[in-house]
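Visitor: Take the sequence shown: its letters are residues 1 to 906, numbered as in the UniProt record's numbering.
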Amino acid sequence: MSSSMEGRSRRHEERTLRGASIPSSAPWSEASSAAAKGFLFCFILGALLSTAHGQIVTVLNFQPEGLPTRDTYALYRGNLSREYELHSLTLCFRFNFHYLHASATVIKLEDSVTGIDESLVGILWIDRIRTMLGGLRKFQPLKKEFRANRWHHVCFLYNDEEEWISSFVDGKFNYKDSLKIPGVASGDTVWLGQGAKVGVDETSFSGLLTQVNVWDYVLSEEEVVGMAKCDTDPQGNYVAWNIGWTLMNIVSYEEDLSTICQLEGTRISYQWFSTMSQDEAYYLCEALGGTLPEISDVAGAELYHAIAATTWPNEKGCKTKFWTGLTDIDVDGEWRHATSPHKQVNLFWAGGEPDGIFYQNCALIYPEGMRDVNCPVTFKCAVCEHKSSTAFSLRGTCETDKRHVYFTSHQPSLGEIQFRGYGGYYIIKEDGLWVWRERKGEAIIATLEPTQPDFPLGRRRWNLQRSMCSQEPGARVLLFSPCGIEDFTCDDAKCISLEKRCDLKYDCHDHSDEVDCHLIKFPAGYQYDLPPRQTSLTESVLPVVANITIKSITVDTMLMSMFVSYEFEMTWYDNRLKYLNFKKKTSLNILPYDQVREVWSPAVSFSNTEGGHSTVVDIKTAMFITRLANSTGRDLSVPAELEIYSGFENILSINRKYATLFTCDFNLILYPFDDQYCDMLLQLSSASTAYIRFNVPDSYVKFLGNPLLLEYEMSDPELHLGGDWEYSQLIVRVPLSRRFGYAVLNIYTPSFILLVISYVTLHFQPHIFDVRVMSVLTVLLVTATLFTQVSSSLPKTSYFKMVDIWLLFCIVMNFIIILLHAIVDYTYHVERSNITYWSKKTMTEVKPLPELKTLHDKRMAAYSEDEEPPTIPFDIRLKTMVMLSKAFVLMIFVVFSFCYWGYILF
Numbered sequence: 001m002s003s004s005m006e007g008r009s010r011r012h013e014e015r016t017l018r019g020a021s022i023p024s025s026a027p028w029s030e031a032s033s034a035a036a037k038g039f040l041f042c043f044i045l046g047a048l049l050s051t052a053h054g055q056i057v058t059v060l061n062f063q064p065e066g067l068p069t070r071d072t073y074a075l076y077r078g079n080l081s082r083e084y085e086l087h088s089l090t091l092c093f094r095f096n097f098h099y100l101h102a103s104a105t106v107i108k109l110e111d112s113v114t115g116i117d118e119s120l121v122g123i124l125w126i127d128r129i130r131t132m133l134g135g136l137r138k139f140q141p142l143k144k145e146f147r148a149n150r151w152h153h154v155c156f157l158y159n160d161e162e163e164w165i166s167s168f169v170d171g172k173f174n175y176k177d178s179l180k181i182p183g184v185a186s187g188d189t190v191w192l193g194q195g196a197k198v199g200v201d202e203t204s205f206s207g208l209l210t211q212v213n214v215w216d217y218v219l220s221e222e223e224v225v226g227m228a229k230c231d232t233d234p235q236g237n238y239v240a241w242n243i244g245w246t247l248m249n250i251v252s253y254e255e256d257l258s259t260i261c262q263l264e265g266t267r268i269s270y271q272w273f274s275t276m277s278q279d280e281a282y283y284l285c286e287a288l289g290g291t292l293p294e295i296s297d298v299a300g301a302e303l304y305h306a307i308a309a310t311t312w313p314n315e316k317g318c319k320t321k322f323w324t325g326l327t328d329i330d331v332d333g334e335w336r337h338a339t340s341p342h343k344q345v346n347l348f349w350a351g352g353e354p355d356g357i358f359y360q361n362c363a364l365i366y367p368e369g370m371r372d373v374n375c376p377v378t379f380k381c382a383v384c385e386h387k388s389s390t391a392f393s394l395r396g397t398c399e400t401d402k403r404h405v406y407f408t409s410h411q412p413s414l415g416e417i418q419f420r421g422y423g424g425y426y427i428i429k430e431d432g433l434w435v436w437r438e439r440k441g442e443a444i445i446a447t448l449e450p451t452q453p454d455f456p457l458g459r460r461r462w463n464l465q466r467s468m469c470s471q472e473p474g475a476r477v478l479l480f481s482p483c484g485i486e487d488f489t490c491d492d493a494k495c496i497s498l499e500k501r502c503d504l505k506y507d508c509h510d511h512s513d514e515v516d517c518h519l520i521k522f523p524a525g526y527q528y529d530l531p532p533r534q535t536s537l538t539e540s541v542l543p544v545v546a547n548i549t550i551k552s553i554t555v556d557t558m559l560m561s562m563f564v565s566y567e568f569e570m571t572w573y574d575n576r577l578k579y580l581n582f583k584k585k586t587s588l589n590i591l592p593y594d595q596v597r598e599v600w601s602p603a604v605s606f607s608n609t610e611g612g613h614s615t616v617v618d619i620k621t622a623m624f625i626t627r628l629a630n631s632t633g634r635d636l637s638v639p640a641e642l643e644i645y646s647g648f649e650n651i652l653s654i655n656r657k658y659a660t661l662f663t664c665d666f667n668l669i670l671y672p673f674d675d676q677y678c679d680m681l682l683q684l685s686s687a688s689t690a691y692i693r694f695n696v697p698d699s700y701v702k703f704l705g706n707p708l709l710l711e712y713e714m715s716d717p718e719l720h721l722g723g724d725w726e727y728s729q730l731i732v733r734v735p736l737s738r739r740f741g742y743a744v745l746n747i748y749t750p751s752f753i754l755l756v757i758s759y760v761t762l763h764f765q766p767h768i769f770d771v772r773v774m775s776v777l778t779v780l781l782v783t784a785t786l787f788t789q790v791s792s793s794l795p796k797t798s799y800f801k802m803v804d805i806w807l808l809f810c811i812v813m814n815f816i817i818i819l820l821h822a823i824v825d826y827t828y829h830v831e832r833s834n835i836t837y838w839s840k841k842t843m844t845e846v847k848p849l850p851e852l853k854t855l856h857d858k859r860m861a862a863y864s865e866d867e868e869p870p871t872i873p874f875d876i877r878l879k880t881m882v883m884l885s886k887a888f889v890l891m892i893f894v895v896f897s898f899c900y901w902g903y904i905l906f
């Protein structure tokens with residue numbers, strides 16, 4: 001059967017329900033009139049709220065029953081030339097699908113002479129779109145999936161000169177990629193709704209289609225957005241929608257463009273259910289993606305009763321008294337909606353209501369307003385209010401084709417609800433039992449075990465009639481959810497943000513969001529004692545990043561050791577693992593101890609420790625995962641929104657606090673003006689460098705404590721890779737500069753003062769030898785004692801330290817000063833005896849007796865032959881000796897100081 005656009009006067013038999021769904025196939029066809037009545041009042045209200053209709057467009061309805069066939073199509077009535085070639089082009093169309101087959105072909109340009117039909121093709125899936133241009137196919141993923149029973153607008157733009165193709169979905173930029181087609185788009189026949197020439201077509205289109213236009217140039221973004229928002233309705237200069245179409249087994253009707261473009265969220269619909277408790281009503285409405293109503297004025301109360309009377313004129317039990325979602329069970333008199341913690345105000349109560357104090361904690365809508373009632377013993381009708389269409393998903397079935405996962409809800413009669421799949425499934429209640437069937441052949445896939453409330457929504461047990469997910473027929477838990485892709489579904493079908501799943505606090509009423517919070521999925525044959533590979537290549541080496549956070553350090557020079565309190569963290573990739581229930585906040589991705597023991601982790605030995613310490617994995621160990629990449633998909637075998645993350649793209653870390661005593665190799669030659677370093681030698685002992693190694697460029701070490709230690713001032717620690725070892729070694733070097741203030745104050749200053757005192761004795765009178773010597777000897781004794789004390793507080797080394805040289809110098813200087821005192825004293829006494837002798841010769845001669853004179857002359861002759869009197873006065877020679885002693889000591893000190901301090905400084 002065929003018809004044309006000239007027959008627009010012929011309306012669809014239900015065209016008065018503008019925007020309503022076309023009646024579907026069994027099992028809904030028998031109740032289509034009741035469903036139509038359910039939506040009739042909503043569209044009447046929409047019409048009354050609109051002062052005038054906008055532009056009228058023609059809508060084509062393909063395969064309302066959803067049966068794939070090649071006999072439903074539309075042919076373009078315009079004249080197209082085979083010789084006319086499309087180089088750059090724009091293809092736009094608006095659609096609303098009923099069902100999805102293997103794919104949905106919207107438009108196809110064919111050359112009737114050559115039979116080439118891939119010159120220009122537009123194809124749809126739930127999560128992607130594809131064009132064929134000049135025989136070249138190009139997929140474009142969608143940022144947001146298509147939904148059934150919802151209008152979508154799509155535009156493809158191809159620029160031949162700049163060689164790119166892009167797409168816009170619902171007026172928003174979707175995707176852009178480079179493309180150069182080998183040929184050009186040309187043809188003389190345009191098909192709508194068919195993708196194959198013969199046979200039952202699983203690529204045909206099932207749904208509503210309008211505004212299909214093609215331009216031979218690239219439209220601007222503003223023009224595309226204007227069409228998507230229904231601000232404009234331009235016609236294509238190559239294919240124009242208004243030219244006309246020859247229809248084959250297709251129903252056409254006219255629709256107001258403003259109705260088609262009505263924003264999602266403004267189309268309110270209702271579903272009605274017979275008597276139940278408020279808890280059941282709340283569960284059901286939330287599970288269906290709606291809410292229980294509440295009213296603020298008399299018009300609101302009258303509205304729901306008018307809708308009920310219009311939708312179900314033959315039903316007497318549900319025309320009055322509907323449940324609201326309000327309760328004051330927590331605080332009497334403070335009414336709150338079950339989905340909101342905020343107190344509700346401006347509520348419309350009937351006269352004298354509420355009057356039940358703490359005995360009546362629920363509210364019903366009466367024609368005259370709301371009344372509070374006793375919750376446990378009250379059973380009334382429920383009306384669920386929907387501001388947008390809900391897409392239900394069936395999870396845990398291992399279905400990879402998304403059209404077999406998504407469902408929509410329909411209500412053929414009061415209290416009855418049915419679910420129709422995007423593809424070939426449906427779920428209905430038959431003889432008191434919920435059944436999941438195939439549309440093709442009516443084969444039963446599974447039946448729901450009896451449960452309360454008696455609805456399939458949420459996490460429920462089903463009895464499989466055939467094998468599924470490698471499981472034989474039998475009981476299996478499946479999830480039937482109204483939640484979006486970013487949500488987690490509780491057992492009772494409540495939707496919460498996926499980020500609230502396994503966040504260590506309850507967000508579901510039934511606490512199911514904190515159940516089965518496993519973070520790791522182990523593959524078959526996983527061995528925790530074998531290290532992973534960075535890639536699948538057998539030659540690859542696994543890099544391990546080491547992060548050390550030093551909290552405190554204590555250095556003992558005497559023991560040549562360093563006691564370090566630190567956090568040691570290692571990070572690596574394990575591409576054998578899959579991560580689940582992953583959070584952006586790393587603190588929520590900590591593995592329990594029982595899983596930590598099952599995961600491979602690097603073992604590190606601390607080489608320069610006494611006793612050979614190494615890393616341990618115990619209850620104090622924290623292992624966590626850091627999310628660096630997006631999910632690779634979902635686990636289709638699990639009845640939950642379980643995102644899977646690759647171990648190849650997300651890092652695994654292990655952290656533990658340690659307190660370790662490391663041995664140091666100090667060079668104390670310059671003590672106490674020395675700069676030292678002490679190393680922490682960390683060696684990977686899990687495997688040799690042929691398999692794993694430290695990744696030093698990405699590693700770090702930081703110190704959080706006070707850099708002013710007891711003996712040293714610490715600089716920023718450094719990381720170095722060890723030498724050519726069989727096992728990879730990481731060197732954490734801690735630079736230390738000795739704080740020499742203590743040594744200067746307690747060693748150098750006293751010893752220098754003592755040396756000065758010793759030097760000052762050279763200025764004492766030469767004749768008080770005992771005082772000078774005793775002073776220097778005292779200084780020498782104190783210096784030797786100081787030397788002994790200093791040596792006992794330092795490690796015993798085979799080499800001299802600078803402090804040893806200084807103290808030895810002080811001792812030697814005291815010894816030299818003692819020698820100089822002795823020399824000066826000797827000179828003093830010798831010269832003094834000479835002075836006595838010559839002074840006697842110059843005295844007044846007393847003549848002795850003759851015989852004594854003779855004896856005296858003989859003796860003097862024996863001693864004074866050839867002697868001459870001294871030519872230099874005594875005092876000058878003595879002063880010269882003392883002055884030379886002072887100069888000699890001072891010269892030695894200056895020369896030594898210049899060499900000593902010059903060596904230290906330079």
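For each residue, glycine too, the CB sits at the ideal point set by N, CA and C. None of these values were measured; they are calculated from a predicted model.
Pull up the DSSP beta-bridge partners for residue 155, would you.
Guide: Looking up residue 155 in the sequence shown gives position 155. In the DSSP assignment, the residues bridged to residue 155 are 92, 168.
Visitor: Taking 8 Å as the cut-off, does the stretch 768-785 touch the stretch 699-718 (at least 3 CB pairs, one atom from each stretch)?
Guide: no
Visitor: Near residue 697, what residues of its chain come up, given a Cβ to Cβ distance below 6 Å and the 5 sequence neighbours on each side ignored?
Guide: Your numbering for residue 697 matches position 697 in the sequence shown. The answer is none, since no qualifying residue turns up.
Visitor: Identify which residue in 886, 338, 499 has its Cα closest to the Cα of residue 643.
Guide: Reading the sequence shown from its first residue, position 643 is the one you call residue 643. Checked all of 886, 338, 499; the closest Cα to residue 643 is 499.
Visitor: What is the DSSP secondary structure of residue 901, counted as helix, strand or coil?
Guide: By 1-based counting over the sequence shown, the position of residue 901 is 901. DSSP places residue 901 in helix when its eight states are reduced to three.
Visitor: Taking its Cβ as the centre, do 16 or more other Cβ atoms sit within 10 Å of residue 98, making it buried, or is it exposed?
Guide: What you label residue 98 is simply residue 98 of the sequence shown in a count that begins at 1. Here residue 98 is buried. Its C-beta has 16 or more other C-beta atoms within 10 Å.
Visitor: Taking the alpha-carbon positions, what's the residue 394 to residue 479 distance?
Guide: Translated into positions along the sequence shown, residue 394 becomes position 394. Translated into positions along the sequence shown, residue 479 becomes position 479. In a straight line, the C-alpha of residue 394 is about 6 Å away from that of residue 479.
Visitor: Nearest by alpha-carbon distance to residue 548: which of 657, 583, 554, 609 is it?
Guide: Against the sequence shown, residue 548 aligns to sequence position 548. Cα-wise, what sits closest to residue 548 is 657.
Visitor: Given that a residue counts as buried once 16 or more other Cβ atoms are within 10 Å of its Cβ, and exposed if not, what is residue 190?
Guide: For the purposes of this step, residue 190 is identified with residue 190 of the sequence shown, where counting begins at 1. Classification for residue 190: buried.
Visitor: What are the complete beta strand (DSSP E) segments, minimum 3 residues, inside the stretch 728-760?
Guide: 729-738
Visitor: Suppose the cutoff is 8 Å on Cβ atoms and the five residues either side in sequence are ignored; what does the same chain contact list for residue 321 look like?
Guide: Within the sequence shown, numbered from 1, the residue matching residue 321 stands at position 321. Cβ neighbours of residue 321 beyond the five flanking positions: 364, 365, 366, 380, 381.
Visitor: Tell me residue 554's beta-bridge partners as DSSP assigns them.
Guide: Walking along the sequence shown from the start, residue 554 turns up at place 554. Paired residues: 563.
Visitor: For residue 427, which residues does DSSP report across the bridge?
Guide: Sequence index remark: in the sequence shown, residue 427 carries index 427 (1-based). For residue 427, which the question treats as bridged, DSSP gives the partners 419, 436.
Visitor: Mark residue 891 as exposed unless 16 or more other C-beta atoms lie within 10 angstroms of its C-beta, in which case mark it buried.
Guide: Numbered from 1 along the sequence shown, position 891 holds the residue referred to as residue 891. With fewer than 16 Cβ atoms within 10 Å of its Cβ, residue 891 is classed as exposed.
Visitor: Measure the Cβ-Cβ separation of residue 75 and residue 122 and say whether it is below 8 Å.
Guide: Taking the sequence shown and counting its residues from 1, one reaches residue 75 at position 75. Taking the sequence shown and counting its residues from 1, one reaches residue 122 at position 122. No; because the gap between Cβ atoms is not below 8 Å, this pair is not in contact.
Visitor: Pull up the CB-CB distance for residue 810 and residue 751, whole angstroms please, since I reckon it's below 8 Å.
Guide: In the sequence shown, the residue the question calls residue 810 occupies position 810. In the sequence shown, the residue the question calls residue 751 occupies position 751. Indeed they touch by this definition, with Cβ atoms about 5 Å apart.
Visitor: Can you tell me whether residue 558 is buried or exposed, with buried defined as 16 or more other CB within 10 angstroms of its CB?
Guide: Within the sequence shown, numbered from 1, the residue matching residue 558 stands at position 558. Its Cβ having fewer than 16 others within 10 Å, residue 558 is exposed.
Visitor: Which of the three DSSP states, helix, strand or coil, is assigned to residue 519?
Guide: As a first step, residue 519 must be located in the sequence shown, where it is residue number 519. Three-state result, residue 519: coil.
Visitor: Once you ignore the five residues that flank residue 533 on each side, which residues in its own chain have a CB closer than 8 Å to its CB?
Guide: Taking the first residue of the sequence shown as 1, we reach residue 533 at position 533. Counting only Cβ-Cβ distances below 8 Å, and skipping sequence neighbours, we find 540, 542, 575.
Visitor: Can you pull the DSSP bridge partners for residue 543?
Guide: Here residue 543 refers to the residue found at position 543 when the sequence shown is read from its first residue. DSSP lists 693 as partners of residue 543.
Visitor: Quick check on residue 725: buried or exposed, where buried means 16 or more other Cβ atoms within 10 Å of its Cβ?
Guide: The residue you call residue 725 lines up with position 725 of the sequence shown. Exposed.
Visitor: Tell me whether residue 211 sits in a helix, a strand or coil according to DSSP, three-state version.
Guide: Within the sequence shown, residue 211 is the residue found at index 211, counting from 1. Note: residue 211 maps to strand in three-state DSSP.
Visitor: Is the Cβ of residue 547 closer than 8 Å to any Cβ of chain B?
Guide: Looking for chain B here will not work: only one protein chain is present.
Visitor: Where does residue 327 fall in DSSP's three states?
Guide: Translated into positions along the sequence shown, residue 327 becomes position 327. DSSP places residue 327 in strand when its eight states are reduced to three.
Visitor: Would residue 248 pass as a contact of residue 73 if the rule is Cβ separation under 8 Å?
Guide: Reading the sequence shown from its first residue, position 248 is the one you call residue 248. Reading the sequence shown from its first residue, position 73 is the one you call residue 73. A contact, by the Cβ cut-off of 8 Å.
Visitor: Excluding the 5 residues preceding and the 5 following residue 117 in the sequence, name in chain order all residues of the same chain whose CB lies nearer than 6 Å to its CB.
Guide: Indexing the sequence shown from 1 puts residue 117 at position 117. Here the set comprises 108, 110.
Visitor: Keeping to the same chain, check which residues put their C-beta closer than 6 Å to that of residue 626; ignore five residues upstream and five downstream.
Guide: For this step, residue 626 is matched to residue 626 along the sequence shown. Cβ neighbours of residue 626 beyond the five flanking positions: 586, 651.
Visitor: What does a CB cutoff of less than 7 Å around residue 240 pick up in its chain, not counting 5 residues either side in sequence?
Guide: The residue you call residue 240 lines up with position 240 of the sequence shown. Cβ neighbours of residue 240 beyond the five flanking positions: 78, 213.
Visitor: For residue 636 versus residue 311, is the C-beta spacing smaller than 8 Å?
Guide: The residue given as residue 636 occupies position 636 in the sequence shown. The residue given as residue 311 occupies position 311 in the sequence shown. Not in contact: residue 636 and residue 311 (Cβ atoms no closer than 8 Å).
Visitor: Confirm, please, whether the CB-CB distance from residue 294 to residue 344 is below 8 Å.
Guide: Reading the sequence shown from its first residue, position 344 is the one you call residue 344. Reading the sequence shown from its first residue, position 294 is the one you call residue 294. Yes, the pair counts as a contact, with Cβ atoms nearer than the cut-off.
Visitor: Here's the rule I'm using: 16 or more other beta-carbon atoms within 10 Å means buried, otherwise exposed. How should residue 256 be labelled?
Guide: Looking up residue 256 in the sequence shown gives position 256. Classification for residue 256: buried.
Visitor: Rounded to whole angstroms, how far is the Cβ of residue 820 from the Cβ of residue 889, which I believe are closer than 8 Å?
Guide: Within the sequence shown, the letter at position 820 stands for residue 820. Within the sequence shown, the letter at position 889 stands for residue 889. Confirmed, about 7 Å.
Visitor: Whole angstroms is fine: what's the gap from residue 467's alpha carbon to residue 589's?
Guide: For the purposes of this step, residue 467 is taken as residue 467 along the sequence shown, with counting starting at 1. For the purposes of this step, residue 589 is taken as residue 589 along the sequence shown, with counting starting at 1. Cα to Cα, the separation comes out at about 35 Å.
Visitor: Tell me which residue opens and which closes the beta strand (DSSP E) that residue 487 is part of.
Guide: The residue labelled residue 487 in the question sits at position 487 within the sequence shown. That run of the beta strand (DSSP E) goes 487-489.
Visitor: Return the CA-CA distance between residue 737 and residue 676, expressed in angstroms with no decimal places.
Guide: For the purposes of this step, residue 737 is taken as residue 737 along the sequence shown, with counting starting at 1. For the purposes of this step, residue 676 is taken as residue 676 along the sequence shown, with counting starting at 1. Residue 737 and residue 676: Cα-Cα distance of roughly 6 Å.
Visitor: List the endpoints of the continuous beta strand (DSSP E) containing residue 779.
Guide: Counting from one through the sequence shown, the residue named residue 779 turns up at place 779. That residue, residue 779, is in no beta strand (DSSP E); its alpha helix (DSSP H) goes 769-792.
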